[in-house]
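Enquirer:
The structure is reproduced here in structure tokens:
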């Protein structure tokens, strides 16, 4: 027990001092559901909360990875250390992952100041969002100055992950179709900055006008203290990155106003979401485990199949039995 | 009480006889969290399980809506009644929705044999998946022969919804980029049929070869009794729809083999997922309600903020307290 504790302490200290191998090992162990990994995460948690987390989200093909690559370059050239979490949507069934043009980022592989982690599957940790949050906590505890969280902003999970960043940029490209338009409307509301990448393409000014109009509509519905701005970039050519990062800086200043009131609110909201999500997943796993072992789950499913009850009534009854009256 | 019961009975009977207005009203009430709506759903449930559910999924812009439109046409011309559930990914924050080219489907608006429902937000019902399932149950109880479930196959939610169909078609187009490739690999595993839409475009045969190779790889990893086939369509020009629907028919025959063994397995799996999801959401809502009212949630969050505990330890302790030892 003392040996195990010493070992955990040792790993915690190595990660806190920024050791890459120890952090990579922990992330793998978290994915594999190694119980000790969770204990280490608990010890790291109080050391998190220092990094500035930037969410980068948008539809497939808008060039998020290239943009992320440029942001890493920019931050590194100013001496900041960077952590990257790239969230890949893949099968809940396979566990496999194909990483597309993320290979481009490999040029940072030999830079000790950059740590990149790709998340492909839900893993054992309880949801893609939970895995992403855990990785962010580790990178934060490692002492990274900035953490870039790149997600495909289409599914709910992905939007939620992006929304947990302190500064969220939503990336689009000129002239996408109606389907994309619908998505854009949805994720627009989590955007602190809007980026039109591949801005040399036809239709950039039209897209700019469209986004301006959408922002205007949004401003009429809500009154936020922060007004999102639109940035034009060509990430492949490294164009517009300075201006975009200046925008990130402005947002950081906004968050720091009045003794960091807005930042504290964002941090509290992150904690609330993280706790509630862990509670939800933890309760479910524990309860389903109990129901499976006792054979009760099978009996309930048989009752529904035989139409003696229905999923709604059966789940309500079980909730009342477990938690008592509302 | 008796009056209310009579009213519920009346609505149930109207929906069972296929009345469109009663069904539309119920779906709206479900979204709005009207308690009676859930009671009606419970009564409808035993009458579901007759429709053949077809999932249609794929990235934005592949023409899913147009394809869905053609499938409706095809099924209607053969005298079948059709329900459609279109799942739109939009903001968890706004509650708003922009429906893109779905307007095309409005030509079926005057056809009593077609019922189309667009789902944009999570609503009050507990998750997009739960809302979609509820709508499917209503359409099924109404007596629709086929239910088409159209989702953007990128997020986990959307893939899960598509996977609950009996026959799932994954739609792609020639020559999509790396990002799409990654997604395709993920959702390939839920595909019973693969569709290359806009097949007149450059690169169709290359995409065909790519998909064939991916199917081949998949067949080596798993041994499924059903081997997915690839169909080439041009939905806008109504090309390839006959062949695709013949493929759906083959899959239906496959499911019906050996006294419907595979269909029963799919139905059981649907019920299991539906029950577990309702249980998870119901438990969470109930528990968070209790914790909020007692002020305990705030105290826990304060403790985490002050770093007296962390979200992992705090959630684990609460799970143990509520459910007892694992």
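Chains as they are written, first to last, in this note's numbering: chain A, 1 to 326; chain B, 1001 to 1326. From the three backbone atoms N, C-alpha and C, an ideal C-beta is built for every residue, glycine too.
#1: Just to confirm before moving on: does the CB-CB distance between residue 1113 (chain B) and residue 1076 (chain B) stay below 7 angstroms?
#2: CB residue 1315 (chain B) to CB residue 278 (chain A), shorter than 7 angstroms?
#3: Less than 8 angstroms between C-beta atoms, sequence neighbours within five positions excluded: which residues of the same chain meet that for residue 1191 (chain B)?
#4: In chain B, what lies closer than 8 angstroms to residue 38 (chain A) by C-beta?
#5: Note down, in chain order, every chain B residue with its Cβ under 7 angstroms from the Cβ of residue 300 (chain A).
#6: Identify the contact partners of residue 1224 (chain B) in chain A, using a Cβ-Cβ distance below 7 angstroms as the criterion.
#7: Would DSSP call residue 169 (chain A) helix, strand or coil?
#8: Under the rule that 16 or more other beta-carbon atoms within 10 Å means buried, what is residue 189 (chain A), buried or exposed?
#9: So what's residue 118 (chain A) in DSSP terms, helix, strand or just coil?
#10: With a threshold of 7 angstroms on Cβ separation, who are the neighbours of residue 202 (chain A) within its own chain once the five nearest residues in sequence on each side are excluded?
#11: Which same chain residues end up closer than 8 angstroms to residue 1072 (chain B) when comparing Cβ atoms and leaving out the 5 residues on each side of it in sequence?
#12: Distance check for residue 194 (chain A) and residue 86 (chain A), CA to CA, integer angstroms please.
#13: To which residues of the same chain is residue 15 (chain A) closer than 7 angstroms at the C-beta, ignoring the five residues directly before and after it?
#14: Tell me, please, whether the CB atom of residue 1058 (chain B) is closer than 7 angstroms to any CB atom in chain A?
#15: For residue 1296 (chain B), return the contacting residues in chain A, with the cut-off set at a CB-CB distance below 9 angstroms.
#16: Applying a beta-carbon distance threshold of less than 8 angstroms, which residues of chain A neighbour residue 1131 (chain B)?
#17: Where does residue 1179 (chain B) sit, in a helix, a strand or coil, going by DSSP?
#18: Could you name the residues of the region 205-234 of chain A whose beta carbon sits closer than 7 angstroms to any beta carbon of chain B, in the order they occur along the chain?
#19: Could you check if residue 1308 (chain B) is buried or exposed, using at least 16 other CB atoms within 10 Å of its CB as the buried criterion?
#20: Leaving out five residues on either side along the sequence, give the residues of the same chain with a beta carbon under 7 angstroms from the beta carbon of residue 1124 (chain B).
#21: Identify the continuous beta strand (DSSP E) that holds residue 1058 (chain B) and give its terminal residues.
#22: If you run the structure through DSSP and keep just helix, strand and coil, what is residue 68 (chain A)?
#23: Among B:1070, B:1012, B:1020, B:1049, which one has its Cα closest to the Cα of residue 1242 (chain B)?
#24: What span of residues does the beta strand (DSSP E) with residue 86 (chain A) cover, start to end?
#25: In chain B, what lies closer than 7 angstroms to residue 316 (chain A) by C-beta?
#26: Write down the C-beta distance between residue 1230 (chain B) and residue 1212 (chain B) rounded to the nearest angstrom, noting that I regard them as a contact closer than 8 angstroms.
#27: Distance cutoff 7 angstroms, beta carbons only. Does residue 261 (chain A) sit that close to anything in chain B?
#28: Determine whether the beta carbon atoms of residue 74 (chain A) and residue 214 (chain A) lie at a separation below 7 angstroms.
#29: Output needed for residue 12 (chain A): all residues of its chain with C-beta closer than 7 angstroms, excluding positions within five of it in sequence on either side, in chain order.
#30: Roughly how many angstroms lie between the CA atoms of residue 206 (chain A) and residue 67 (chain A), to the nearest whole one?
#31: Contact defined as beta carbons within less than 8 angstroms: I believe residue 52 (chain A) pairs with residue 145 (chain A). What is the distance between those atoms, to the nearest angstrom?
Expert: Straight from the coordinates:
#1: yes
#2: yes
#3: 1168, 1169, 1170, 1228
#4: 1312
#5: 1275
#6: By Cβ distance, chain A contributes nothing, its closest Cβ being about 12 angstroms from residue 1224 (chain B), past 7 angstroms.
#7: strand
#8: buried
#9: strand
#10: 174, 175
#11: 1082, 1084, 1105, 1108, 1114, 1148
#12: 19 angstroms
#13: 22, 23, 26, 44, 138, 141, 142
#14: no
#15: Going along chain A, no residue has its Cβ under 9 angstroms from residue 1296 (chain B), so there is no contact; the nearest lies around 12 angstroms.
#16: Simply none; closest approach about 12 angstroms.
#17: Low confidence applies here, because residue 1179 (chain B) scores a pLDDT of 42, under 50, leaving its location unreliable; read the following figure in that light. If DSSP states are grouped into helix, strand and coil, residue 1179 (chain B) belongs with the helices.
#18: none
#19: exposed
#20: In this predicted model, residue 1124 (chain B) has a pLDDT of only 45, less than 50, meaning its place in the structure is not dependable enough to derive any value.
#21: 1052-1058
#22: helix
#23: B:1070
#24: 82-87
#25: 1282
#26: 7 angstroms
#27: no
#28: no
#29: 40, 43, 44
#30: 22 angstroms
#31: 7 angstroms
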